[in-house]
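**Q**
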Amino acid sequence: PGIPEPEVIHRIIAEHEIFLTAISTGAVFMGAMTYIGNAPNFMVKSIAEESGVEMPSFFGYLFRWSMLFLIPVFVLVSFLFY
């Protein structure tokens, strides 16, 4: 409460590096599990559909691909590095 925000950030970086690596790992591996993280995929999806290529819906992608591949990789990386 009494510590300025920039100082707190520097302290976290210096004293708790594992927090930053865990947050970064989560962002990299779980970003595709969010609507915002999938925005580039939606652009590719619309371009592919305009070209006549059949593409899965958001939830189809989420359940068929993201959960099938990304969650196991995230769990594996978590066990290996943390």
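With this note's numbering, the residue at position 27 of the sequence shown is 551, and numbering never jumps.
Beta carbons: idealized from backbone N, C-alpha and C, even for Gly.
Keep in mind it's a predicted model, so treat the numbers as computed, not measured.
1. Using alpha carbons as the reference points, say which of Ala538, Phe582, Ser575 and Ala572 lies closest to tyrosine 559.
2. So the alpha helix (DSSP H) serine 548 belongs to, where does it begin and stop?
3. If you reduce the DSSP assignment to three classes, tell me which class methionine 579 lands in.
4. What do you reckon, is the C-beta of valine 601 under 7 Å from a heavy atom of the ligand MG?
5. Alpha carbon to alpha carbon, how far is arginine 535 from glutamate 574?
**A** Quick look at the numbers:
1. Phe582
2. 541-554
3. coil
4. No copy of the ligand MG appears in this structure; indeed no ligand is present at all.
5. Between arginine 535 and glutamate 574, the C-alpha separation is close to 50 Å.
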